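Read the structure below first, then the notes.
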């Protein structure tokens, strides 16, 4: 208290201690009354919401039962808030419509629309004529419970809204400062790193300069005493070095070896497209679809269990979801355009196995039970699909040598396994059933 | 003078450094091919299009099947063990032990708006046993789970953005019969789009078995 008084008097030296004390008292009083007002308000709010909940629960329906019913039957299409999803948000539904109408609508919405009820028809058209599933087995009590739950769900956040909003605002403000701070921090870091690198480069340059200038300014005279410039001396030294047979042959050998290595590397990479990641006509992300949304590979690549090719999905499979969602995206618009113009989407094939090598997806996926990722890499993390494996013959053979045949639950292999166990050691590998035969893949 | 010479050397070094480090293959480049006429198929392959087809519309190697063509595995009611696989015409003569009196080869032609007919007429021709149920589970995981959720509660990762995916366990779904579910997979329902191009009838019937199990919540 004393400190505060001191502070105040420090701020305004001309204000007398008495006046400052008075203001302090007033401030304290105001603060106290505010606190008590808040204290009083809090239970009042609580009581009000409790009363509301009681009214909802006691008079009209069981909110707890309604919650379970809502989550099972309604939540897929309706939000308890005013937010629209498939159907309208249900906040304040009891004010909008009377109970009897709601019961009729929930039991059979199509009948209400057919009866020509103007509100129903308007609603039906507003939501793209999506038919609401009729729920004839929800009793009036059930519906009361659901309505009570909706009211309760909307009342509960309202009571707790003020502090929550305050906290959220505080959090947002904090977040904002952090966010605005984060990039600048990064920027500073990058700048510092750049500065360090530049200083290092400068240092190295200085060293070079001193060495070179020493070389230039040091012995600048010939044995005859003439002054010779740097270029001439360099020329002379180079000539001596070039005339030295040891240096000459070493240089030539190093050169020949380097060229040979580059040539061999170059020839080995002929026909190998590892790392090929072409740009596709539509920026489809496997990371999003297969990764984040965990859509099974089979959903789109329907042939992978049935045929040689894994199949590139036709546009109708895209439409299974994108007929409804994300249809404003320019990339999705390309699919719509392709369908409307009956134009094929020209996807670029990523894995180009040469024609002289036979490969069958169903054989490897369905029969052998391999995971797609074993050959294609972590597809579910790829924004743009890339050829991860080399797809060379050595790569195929290597796997055929190492991999056990998937004989489990496959009667075709029963006799083979018996014979193998009788006459050979180890497990039945793919190489044991002809996985290394030339004509299996080249015919 | 001194500095000019030094600059020259530094310049050469820099160019060399860039030249040695920047040699990276363009991701759009397939690289070199040896003897492309051995790499590329002489016959027309459906999923490999090197150059435009001279005759087909839009230069495509693929052609749409003739109107009205039905793939063999797309018959719905094929009796006995030959269901769906192999030669479906043989099914007429096979002694049907699993299905009673439905050895007719019928193409599923109940139109989309006649779901009540489907409910009344259709019976699941695939016997319910451990094997078909397990297969149904695998197929459900492939084709349905990302929306309908592993337990059919409508809480798959896609459902969160797609909205409107129901919970099978809701009371409202308890009296839905096999025919209804089959029809919905085939033609779609509400926000769900048809899946008949991805799932064969036999697979649909197996999924139906699994969905019935999920519905009961066991």
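Protein chains in written order, with our numbering: chain A, 905 to 1347; chain B, 14 to 231. Quick reminder that beta carbons are idealized off the backbone N, C-alpha and C, glycines included. As the structure is a prediction and not an experimental result, all values here were calculated from the model.
Cutoff 8 Å: residue 245(B) Cβ touching any chain A Cβ: The displayed coordinates of chain B run from 14 to 231. Any statement about residue 245(B) would go beyond what the structure contains.
Residue of 1189(A), 1217(A), 1225(A) minimising C-alpha distance to residue 1207(A): 1217(A)
Contact between the region 1241-1252 of chain A and the region 1261-1268 of chain A (3+ Cβ pairs under 8 Å): no
Residue 176(B) versus residue 1327(A): straight-line alpha-carbon distance, rounded: 59 Å
Residue 212(B) - DSSP class collapsed to helix/strand/coil: coil
Per-residue burial, residue 1224(A) [other beta carbons within 10 Å of its own, 16 or more giving buried]: buried
Chain A contact for residue 211(B) (CB, 8 Å cutoff): yes
Beta-carbon gap between residue 1331(A) and residue 1302(A) smaller than 8 Å: no
Under the three-state DSSP convention, the category residue 1282(A) falls into: coil
Proximity test, Cβ basis, 8 Å: residue 225(B) and chain A: no
Host alpha helix (DSSP H) of residue 151(B) (start-end): 143-156
Three-state secondary structure (DSSP) of residue 1102(A): helix
Own chain residues within Cβ distance below 6 Å of residue 1181(A), not counting five before or after: 1288, 1290
Residue 992(A) versus residue 1025(A): straight-line alpha-carbon distance, rounded: 14 Å
Distance cut-off 7 Å: residue 220(B) Cβ against heavy atoms of the ligand NAP: Summarising the ligand content, the structure contains no ligands, and the ligand NAP is consequently not present.
Neighbourhood of residue 1033(A) by C-beta, 7 Å cutoff - its chain only, sequence neighbours within 5 removed: none
Beta carbon of residue 970(A) nearer than 8 Å to that of residue 1060(A): no
Buried or exposed (CB count within 10 angstroms, at least 16 for buried), residue 978(A): buried
Residue 1175(A) versus 1258(A), 1166(A), 1213(A), 1197(A), residue with shortest Cα-Cα distance: 1258(A)
Range covered by the alpha helix (DSSP H) that runs through residue 970(A): 967-973
CB of residue 1271(A) within 8 Å of CB of residue 1310(A), strictly: yes
Same chain, Cβ closer than 6 Å to residue 1274(A), five either side skipped, listed in chain order: 1268
Pick from 1146(A), 1191(A), 1103(A) that is closest to residue 1286(A), judged by C-alpha positions: 1191(A)
Span of the alpha helix (DSSP H) around residue 1014(A): 1013-1018
Within-8 Å CB hit, residue 146(B) to chain A: no
As assigned by DSSP and simplified to three states, the class of residue 202(B): strand
6 Å CB neighbourhood of residue 983(A) in its chain, flanking five on each side removed: 989, 993
CB contact check: residue 91(B) to chain A, cutoff 8 Å: Here the model assigns residue 91(B) a pLDDT of 42, short of 50, so the residue's position is not dependable and the matter cannot be decided.
CB contact flag (residue 135(B), residue 219(B), <8 Å): no
Whole-angstrom distance between residue 144(B) and residue 1318(A), CA atom to CA atom: 19 Å
Residue interval of the alpha helix (DSSP H) (run including residue 1159(A)): 1149-1172
Strand pairing of residue 1308(A), partner residues [DSSP]: 1333(A)
Per DSSP, cross-strand counterpart(s) of residue 58(B): 61(B)
Segment limits, alpha helix (DSSP H) that includes residue 998(A): 997-1000
Separation of residue 59(B) from residue 70(B), as counted between CA atoms: 14 Å
Residue-level contact to chain A via CB, residue 47(B), 8 Å cutoff: yes
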